[in-house]
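Under the numbering used here, read the sequence shown as residues 200 to 761, first letter to last. Working notes for the structure below.
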Amino acid sequence: MDRPAAEKRIARLREEIRAHDHAYYVLDRPKIADSEYDRLFHELKELEEAFPELRTDDSPTQRVAGRPVEGFATVEHRAPMLSLDSAAEEETLVRFDERLRKALGEEGPPTYVVEPKLDGASVELVYTDGLLTDAVTRGDGRRGEGILENVKTIAAVPLKLREERLPAPALLAVRGEVIMRLEDFERQNEELVAAGREPYANPRNAAAGALRQLDPRRTAERTLDIYLYDVLAAEEPPPLATQWEVLEALRSWGLRVNDLPRRAREVAEIAAYHRDLIERRDDLPYEIDGVVVKLDPLAARERLGATSHHPRWAFAYKFPPRREVTRLLSILPSVGRTGVVTPVALMRPVELGGVTVSRATLHNREEVARKDVREGDLVRIQRAGDVIPQVVERIEEPGRGRGEPFEMPARCPSCGTALTERGPFTVCPNSFDCPAQLVGRLVHLSSRRALDIEGLGEETARLLVDKGLVRHLPDLFDLTAEQLLELAAELKEEVDAGRRERTRSFAEKSAGKLVEAIRAASRPELARFLYGLGVPEVGVTVAASLARQFGDFDRVRRATEE
200 MDRPAAEKRI ARLREEIRAH DHAYYVLDRP KIADSEYDRL FHELKELEEA
250 FPELRTDDSP TQRVAGRPVE GFATVEHRAP MLSLDSAAEE ETLVRFDERL
300 RKALGEEGPP TYVVEPKLDG ASVELVYTDG LLTDAVTRGD GRRGEGILEN
350 VKTIAAVPLK LREERLPAPA LLAVRGEVIM RLEDFERQNE ELVAAGREPY
400 ANPRNAAAGA LRQLDPRRTA ERTLDIYLYD VLAAEEPPPL ATQWEVLEAL
450 RSWGLRVNDL PRRAREVAEI AAYHRDLIER RDDLPYEIDG VVVKLDPLAA
500 RERLGATSHH PRWAFAYKFP PRREVTRLLS ILPSVGRTGV VTPVALMRPV
550 ELGGVTVSRA TLHNREEVAR KDVREGDLVR IQRAGDVIPQ VVERIEEPGR
600 GRGEPFEMPA RCPSCGTALT ERGPFTVCPN SFDCPAQLVG RLVHLSSRRA
650 LDIEGLGEET ARLLVDKGLV RHLPDLFDLT AEQLLELAAE LKEEVDAGRR
700 ERTRSFAEKS AGKLVEAIRA ASRPELARFL YGLGVPEVGV TVAASLARQF
750 GDFDRVRRAT EE
């Protein structure tokens, strides 16, 4: 085949493959068998290899072509990606509606579009002349991390917009939510557990973690999906008057749009939609945690504007937390990385929102006393934000005897130091020599938002501390593969059944790979390192601000209080 014929055939193949991608990943209506799709794809790949000068960045063959990067660039959003004002009470929704009715005045009563509030990672996609040219995490709402190569691996993201029905603006920035479907989340967690690694707490964290992989090929291994729902910015946009028309325009450009949005005029209609999604929630293939209510007319939205935090024309009507009843078996004090000793309820396992729960926090001694929960009580639990299990209340059982009230220990259960009280909290003051606090700091330092050390979960951290290989955080970076192999051999000789179980999980990990991961993390970005130190009040956002302000660690160390 000569070059002109190859160029013509390549163009035809790309058009066909894009159409089939749209039918399969966006419309969920595949038109050909997988074998036929594979034949078309391989033909395109072979032609591009034979004529490499005809290969383009928007070709379907380039989705997983990205190479690992050293770090993510900071990118300014084309328009602010604000958060939403939210509440789970219908009264707050009523007040939101009343404010809009008053603000619109003679324009007439508001009309709304209601959409499911997807529980994923918010991103901005930018198309220039119809081609995908940028993708950015939400970050702080003004700027985020450039993740273009990782987003290219999501099959539902078109590399080139469709323009058969509606021309695309010269520049188009759209907002959407990257999600991990529940079956993919469960499969990934099974693989993580089998590899001896910490599973993700929920699909939202899993999606965010996949997007922040430095190697796009690793992102591609974790099946992600996306739904687009808003236009952030556009140059010479088409004449769109409502949010409903925005959703239709997004669909026409080949972007994946959720099929559950509805129109509403009254609070009663919104509340009915909210109740309907609560009932359907557990049957959906992905997580949602509420309903987003948006004013439909775009011109009215423009006039209402936004605060520094959220638009005045939108509201998140959250779902109430999932709840269940179970038996509280015992209450144990648990020492965290900051030294706070937290009462933890061990309960009869119960399924709560698709997750088996057997532990829940009781926060502090005053909370235990206020709720008056004791060992043996029947309790109602919930997952706050559908993530952290909490004991909500004790359920009365007339005629049944109760255990003794819980009392916090006088000494730290980990190091034996006398505990102190700090307001409602009980604290171990032995910050640098308490094994439990050291384990917590190791886990925090190795977490995904800090140094991201794969293979260093809680069990491994506990083993390293128990055996004296790590007595202070810096000791972690002196570990050798030989030490870890000796540790595994020593543990195999122990006869305690519980320790044998820990030995097995540790032995499955590669000592060499763990040391390699530690070495790779030994020169981290400043913001990650500052966050990993676990300094009180220094979370991800504050760490990023400090890194931007000072630039390097020496300047942070020399900085005065002022």
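Positions of the beta carbon are idealized from the N, C-alpha and C atoms, including for glycine.
Under the assumption that residue i contacts residue j (Cβ atoms under 8 Å), give the Cβ distance between them as a whole number of angstroms.
i       : j       : result
Pro-628 : Gly-538 : 7 Å
Tyr-311 : Lys-493 : 6 Å
Ala-440 : Pro-496 : 7 Å
Lys-359 : Gly-329 : 6 Å
Leu-527 : Asp-576 : 5 Å
Val-252 : Ile-209 : The sequence shown places Glu at residue 252, not Val. That belief does not hold up - the Cβ atoms of Glu-252 and Ile-209 are roughly 11 Å apart, past 8 Å.
Thr-273 : Glu-344 : 7 Å
Leu-449 : Pro-460 : Not really, about 11 Å apart at Cβ, beyond 8 Å.
In angstroms, rounded to a whole number, what distance separates the CA positions of residue i and residue j?
i       : j       : result
Asp-257 : Val-638 : 47 Å
Asp-695 : Lys-666 : Only weak support is given to the placement of Asp-695: the predicted model assigns it a pLDDT of 42, under 50, and the question is left unresolved by the model.
Arg-699 : Gly-656 : A caution first: Arg-699 carries a pLDDT of 42, below 50, which makes its placement in the model too unreliable to give a value.
Ala-334 : Ile-231 : 30 Å
Thr-422 : Val-350 : 11 Å
Leu-410 : Leu-713 : 22 Å
Leu-618 : Arg-569 : 21 Å
Leu-677 : Arg-722 : The question names Leu, yet the displayed sequence has Asp at residue 677. If you take the alpha carbons of Asp-677 and Arg-722, they lie about 14 Å apart.
Val-356 : Thr-327 : 15 Å
Gln-151 : Thr-255 : In the structure as shown, the chain begins at 200 and stops at 761. Residue 151 is therefore absent and cannot be evaluated.
Ala-687 : Thr-740 : 38 Å
His-276 : Val-456 : 21 Å
Arg-213 : Arg-547 : 55 Å
Glu-382 : Pro-484 : 7 Å
Pro-520 : Asp-318 : 14 Å
Which of the three DSSP states is assigned to residue i in this structure?
i       : result
Lys-351 : coil
Lys-207 : helix
Ile-594 : strand
Pro-532 : strand
Phe-631 : coil
Phe-518 : coil
Ile-346 : coil
Glu-275 : strand
Ile-580 : strand
Gln-682 : helix
Pro-608 : coil
Gln-387 : helix
Ala-498 : helix
Gly-375 : strand
Tyr-326 : strand
Gly-408 : helix
Tyr-415 : One detail in the question is off: residue 415 reads as Pro in this sequence, not Tyr. Three-state DSSP puts Pro-415 in a helix.
Gly-731 : helix
Lys-570 : helix
Pro-623 : coil
Would you say residue i lies against chain C (beta-carbon separation less than 8 Å)?
i       : result
Asp-475 : In the displayed structure, chain C is absent; only one protein chain is listed.
Run the CB neighbour count on residue i, radius 10 Å, all protein chains shown included, and call it buried at 16 or more, exposed below.
i       : result
Asp-429 : buried
Pro-438 : exposed
Lys-316 : buried
Ser-282 : exposed
Gln-748 : exposed
Arg-757 : exposed
Val-626 : buried
Arg-217 : buried
Pro-673 : exposed
Asp-481 : exposed
Ala-249 : exposed
His-473 : buried
Asp-201 : exposed
Ala-710 : buried
His-508 : exposed
To which residues of the same chain is residue i closer than 8 Å at the C-beta, ignoring the five residues directly before and after it?
i       : result
Tyr-399 : Phe-384, Gln-387, Asn-388, Leu-391, Ala-405 and Gly-408
Arg-462 : Thr-310, Tyr-311, Val-312, Val-313, Trp-443 and Asp-495
Ala-498 : Ala-440
Grab me the residues of residue i's own chain with a C-beta within less than 6 Å of its C-beta, minus the 5 sequence neighbours each way, in chain order.
i       : result
Ala-559 : Ala-544, Ile-580, Pro-588, Gln-589 and Val-590
Ala-649 : Arg-727, Tyr-730 and Gly-731
Leu-324 : Ala-334 and Val-373
Gly-265 : For Gly-265, the pLDDT reaches just 48, beneath the cut-off of 50, and the residue's location in the model is therefore unreliable, although a value from the coordinates is still provided. Once the five neighbours on either side are set aside, the close Cβ partners of Gly-265 are Glu-348 and Pro-415.
Val-669 : Leu-663 and Leu-675
Ser-645 : Ile-652 and Leu-655
Tell me which same chain residues have a C-beta within less than 7 Å of the C-beta of residue i, skipping the five on either side of it?
i       : result
Arg-511 : Leu-503, Gly-504 and Ala-505
Leu-476 : Pro-315, Ile-487 and Val-490
Gly-453 : His-221, Val-225, Pro-357, Leu-360 and Arg-361
Arg-661 : Val-638
Gln-412 : Asn-349 and Thr-418
Glu-306 : Ala-499
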